[in-house]
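S.K.: Below you'll find the structure I mean.
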Amino acid sequence: MFAVLVVVTLGITFWAGRKNRTASDFYAGGRSFSALQNGMAIGGDYMSAASFLGIAGILALSGYDGFLYSIGFLVAWLVALLLVAEPMRNSGRYTMADVLANRMRERPVRMAASVSTIVVSIFYLLAQMVGAASVVSLLLDVKSDTAQISVIAAVGALMIVYVTVGGMKGTSWVQIVKAGLLMVGAFVMCVWVLAKFDFNVADLLGTAASKSGSGESFLQPGLKYGATDGWSKIDLISLGLALVLGTAGLPHILVRFYTVPNARVARRSVTWAIGIIGVFYLMTLILGFGAAALIGSKEIKKADPTGNTAATRLAEHLGGGAGTTGGALMLAFIAAVAFATILAVVAGLTLASSSSFAHDLYANVFRKGRTTDAEEVKVARIAALVIGTAAIVLSVFARELNVAFLVALAFAIAASANLPAIVFSLFWKNFNTRGAVFGIYGGLVTSVLVVALSPICWGGATDTKPAIKQLNAKQADDCNVSKDRKDVGNATALFSCTTPAPIPLENPGIISIPVGFACAAIGAMSARRRRTDDDDRKFAELEVRALTGAGAH
60 MFAVLVVVTL
70 GITFWAGRKN
80 RTASDFYAGG
90 RSFSALQNGM
100 AIGGDYMSAA
110 SFLGIAGILA
120 LSGYDGFLYS
130 IGFLVAWLVA
140 LLLVAEPMRN
150 SGRYTMADVL
160 ANRMRERPVR
170 MAASVSTIVV
180 SIFYLLAQMV
190 GAASVVSLLL
200 DVKSDTAQIS
210 VIAAVGALMI
220 VYVTVGGMKG
230 TSWVQIVKAG
240 LLMVGAFVMC
250 VWVLAKFDFN
260 VADLLGTAAS
270 KSGSGESFLQ
280 PGLKYGATDG
290 WSKIDLISLG
300 LALVLGTAGL
310 PHILVRFYTV
320 PNARVARRSV
330 TWAIGIIGVF
340 YLMTLILGFG
350 AAALIGSKEI
360 KKADPTGNTA
370 ATRLAEHLGG
380 GAGTTGGALM
390 LAFIAAVAFA
400 TILAVVAGLT
410 LASSSSFAHD
420 LYANVFRKGR
430 TTDAEEVKVA
440 RIAALVIGTA
450 AIVLSVFARE
460 LNVAFLVALA
470 FAIAASANLP
480 AIVFSLFWKN
490 FNTRGAVFGI
500 YGGLVTSVLV
510 VALSPICWGG
520 ATDTKPAIKQ
530 LNAKQADDCN
540 VSKDRKDVGN
550 ATALFSCTTP
560 APIPLENPGI
570 ISIPVGFACA
580 AIGAMSARRR
590 RTDDDDRKFA
600 ELEVRALTGA
610 GAH
């Protein structure tokens with residue numbers, strides 16, 4: 060199944076690559092995708108392995124509190140639809156920085172936007188590639204370092220081929236195929252799970268609660284984000300802010316608005332994406348609670364404390380269980396779909412970051428616009444190779460680390476750095492270059508700093524991190540403590556698992572997002588250069604273009 064999947068996606072990539080003739084073809088797929096096609100591609104870009112495996116896992120372990128992740132990821136698209144989809148398509152050309160450059164000094168804003176794009180993409184890439192190693196290791200039952208490194212290298216090599224050969228056309232079709240596979244796989248499992256309970260959702264939830272080990276509290280708020288814990292409530296709000304606001308600033312999502320003919324189709328494609336993603340997240344509820352009901356939260360946690368194997372273990376159980384042919388086939392199918400998910404997302408991320416480097420940094424900062432389309436595309440392909448290779452190397456070193464902070468950082472940076480600059484540029488007449496640069500760098504630095512001071516990196520026992528009751532030998536060795544010690548916090552912390560975190564929040568959004576908006580506003584208002592008639596004219600042009608599409612590329 061893996062082999063067939065890789066051959067099919069490579070065939071699509073080479074077929075699409077033969078049609079890449081201009082920069083518009085490479086960056087934006089020739090702006091030829093329909094609303095449904097782009098909606099499916101957006102879904103394929105957005106429904107990552109973290110969504111499929113992670114949300115099913117957190118639902119199986121945390122019940123109602125896991126449901127909040129699904130809602131956050133879905134509601135985020137309303138922000139994208141109402142605030143950025145149509146104006147972005149009308150105002151830009153290939154990248155996020157195109158919107159800012161319409162009315163500001165090109166070099167500083169393109170530099171800042173490109174740095175932010177590449178940082179977000181790298182963090183997201185690492186999480187996806189380490190996740191790929193985990194999926195394949197589970198499927199093939201291999202745990203050696205050599206095998207995991209080989210998987211990471213293979214994923215990296217495939218994503219480089221997708222981007223350098225297929226460009227946006229090839230990447231988009233891979234994402235469309237992957238979205239279809241994911242929806243079919245999730246639908247089959249959902250129907251199968253519901254059939255086990257005679258399509259009675261109440262029985263499913265009741266069984267999940269009884270087998271969770273938490274009783275009725277499994278179906279009520281507070282199991283993960285404790286109702287009596289003040290910091291935990293703040294952390295929940297922080298997570299929600301990052302999820303809801305981060306999506307509208309994710310670079311690999313923003314570039315998808317440029318692949319359609321006009322803003323009307325962009326808006327309709329987001330509507331399709333909301334429908335597809337909404338149905339998918341409804342299905343993850345069935346998968347998560349189904350895993351808890353049919354396998355049991357304790358068994359899922361025993362196999363993987365993070366719960367990331369819940370969906371694959373559920374597939375194996377539905378097929379007949381471990382050791383059966385049906386179980387092996389279902390496990391292989393769902394693991395292959397998860398693998399396709401990872402391939403599609405990493406290709407989209409690599410394309411977004413390489414396009415930003417070639418179009419923003421090389422063409423408009425280094426060469427000051429004196430380049431041809433052919434030169435730009437050549438540089439984009441080289442950048443994809445370099446960024447892909449860097450991601451492979453970094454992922455090899457990150458494979459044993461807690462990678463939760465990578466996803467948290469990606470969303471937090473997108474919401475804290477990219478979104479303020481985009482929103483203010485589109486809707487605030489007095490916004491200027493200094494505000495954009497201050498906002499992007501301020502949000503970027505604050506996000507990284509808050510996560511570096513959080514329990515993810517400093518995992519000592521705090522009010523938000525209950526003590527681990529039993530460490531295995533490796534965790535005890537990593538923590539440099541006795542195996543029987545009871546007061547250790549997060550054994551998978553990045554720097555130290557015994558030092559209390561200075562900031563007891565795992566999600567930086569509640570701090571970094573207001574700081575990002577404040578930096579952008581303060582930067583704009585503190586600029587010494589006064590607004591001129593030319594500035595007013597540029598904003599008026601941008602406003603008309605954003606709202607009507609007049610003069611859009």
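With positions in the sequence shown counted from 1, the corresponding number in this note's numbering is that position plus 59.
We treat Cβ as the ideally placed atom computed from N, Cα and C, and that holds for glycine.
In this text the structure is predicted, and so the values were computed from the model without any measurement.
Suppose the cutoff is 7 Å on Cβ atoms and the five residues either side in sequence are ignored; what does the same chain contact list for Val405 look like?
M.R.: Counting from one through the sequence shown, the residue named residue 405 turns up at place 346. Within the same chain, Val405 has close Cβ partners Leu184, Gln187, Met188, Val214 and Met218.
S.K.: Kindly indicate which three-state DSSP category Ser513 falls into: helix, strand or coil?
M.R.: Counted from its first residue, the sequence shown places residue 513 at position 454. Coil.
S.K.: Going by the beta-carbon positions, is the gap between Phe497 and Ile581 smaller than 8 Å?
M.R.: The residue labelled residue 497 in the question sits at position 438 within the sequence shown. The residue labelled residue 581 in the question sits at position 522 within the sequence shown. A contact, by the Cβ cut-off of 8 Å.
S.K.: Taking DSSP as the reference, what is the three-state secondary structure of Ser203?
M.R.: Taking the first residue of the sequence shown as position 1, residue 203 is located at position 144. It is coil, neither helix nor strand.
S.K.: With 16 as the cutoff for other CB atoms within 10 Å, does Ala433 come out buried or exposed?
M.R.: Here residue 433 refers to the residue found at position 374 of the sequence shown. So Ala433 ends up on the exposed side.
S.K.: Do you know how far the Cα of Ile296 is from the Cα of Arg148?
M.R.: Position 89 of the sequence shown, counted from the first residue, corresponds to residue 148. Position 237 of the sequence shown, counted from the first residue, corresponds to residue 296. C-alpha separation (whole angstroms): 31 Å.
S.K.: Relative to the alpha-carbon of Val195, which residue among Ala395, Gly501, Ala469 and Ser413 has its alpha-carbon at the smallest distance?
M.R.: For the purposes of this step, residue 195 is identified with residue 136 of the sequence shown, where counting begins at 1. Measuring from the Cα of Val195, the nearest candidate turns out to be Ala395.
S.K.: Please work out which residues of its chain come closer than 6 Å, Cβ to Cβ, to Ser415, disregarding the five sequence neighbours upstream and downstream, and give them in chain order.
M.R.: Numbered from 1 along the sequence shown, position 356 holds the residue referred to as residue 415. Here the set comprises Thr154, Ser173 and Thr176.
S.K.: Around the Cβ of Arg604, are there at least 16 other Cβ atoms within 10 angstroms (buried) or fewer (exposed)?
M.R.: As a first step, residue 604 must be located in the sequence shown, where it is residue number 545. Arg604 should be labelled buried.
S.K.: So is Ser617 buried or exposed if we call it buried at 16+ other beta carbons inside 10 Å?
M.R.: For the chain, the structure presents residues 60 to 612; residue 617 sits outside this window and is missing.
S.K.: How would you write the range of the alpha helix (DSSP H) that Asp363 sits in, first residue to last?
M.R.: Indexing the sequence shown from 1 puts residue 363 at position 304. From DSSP, Asp363 is part of no alpha helix (DSSP H); its letter is neither H nor E.
S.K.: Just to confirm before moving on: does the CB-CB distance between Ala370 and Val138 stay below 8 Å?
M.R.: In the sequence shown, counting from the first residue as 1, residue 370 sits at position 311. In the sequence shown, counting from the first residue as 1, residue 138 sits at position 79. Cβ atoms of Ala370 and Val138: not closer than 8 Å.
S.K.: Return helix, strand or coil for Ser273, following the three-state DSSP convention.
M.R.: Against the sequence shown, residue 273 aligns to sequence position 214. Three-state DSSP puts Ser273 in coil, outside helix and strand.
S.K.: Whose C-beta lies closer than 7 Å to the C-beta of Ala422 among residues of the same chain, with five residues either side of it excluded?
M.R.: Reading the sequence shown from its first residue, position 363 is the one you call residue 422. These residues qualify, in order along the chain: Gly428, Thr430 and Glu435.
S.K.: Using 10 angstroms around the beta-carbon of Thr591, count the other beta-carbons present and answer buried if the total reaches 16, otherwise exposed.
M.R.: Looking up residue 591 in the sequence shown gives position 532. It is exposed - the Cβ of Thr591 has fewer than 16 other Cβ atoms within 10 Å.
S.K.: Give every residue of the same chain whose Cβ lies closer than 8 Å to the Cβ of Ile114, excluding the five residues on either side of it in the sequence, and list them in chain order.
M.R.: Mapped onto the sequence shown, residue 114 falls at position 55. Closer than 8 Å at the Cβ level, and outside the excluded window around Ile114, lie Gly125, Tyr128, Ser129, Phe132, Tyr340, Thr343 and Gly347.
S.K.: Going by DSSP, which residues form a beta bridge with Ser93?
M.R.: Translated into the one-based positions of the sequence shown, residue 93 becomes position 34. Looking at the DSSP assignment, Ser93 forms no beta bridge with any residue, so it has no partner.
S.K.: Does the region 96-108 come close enough to the region 326-340 to have 3 or more Cβ pairs within less than 8 Å?
M.R.: Enough Cβ pairs lie closer than 8 Å, so yes.
S.K.: Check Ser585 in the structure and name its three-state DSSP category.
M.R.: What you label residue 585 is simply residue 526 of the sequence shown in a count that begins at 1. Coil at Ser585, not helix or strand.
S.K.: Could you check the C-alpha separation between His311 and Gly378 for me, to the nearest Å?
M.R.: On the sequence shown, position 252 is the one that residue 311 refers to. On the sequence shown, position 319 is the one that residue 378 refers to. Using only the alpha carbons, I get a separation of about 35 Å.
S.K.: Compare the Cα-Cα distances from Leu278 to each of Lys360, Trp290, Leu263 and Ile354 and report the closest residue.
M.R.: Taking the sequence shown and counting its residues from 1, the one referred to as residue 278 is at position 219. If we check each option's Cα against that of Leu278, Leu263 comes out closest.
S.K.: Could you say if the region 563-579 and the region 499-512 meet the contact criterion of at least three C-beta pairs nearer than 8 Å?
M.R.: Result yes; three or more Cβ-Cβ pairs closer than 8 Å.
S.K.: With DSSP collapsed to three states, give me the class of Ser107.
M.R.: Along the sequence shown, one-based indexing puts residue 107 at 48. Residue state, collapsed to three classes: coil.
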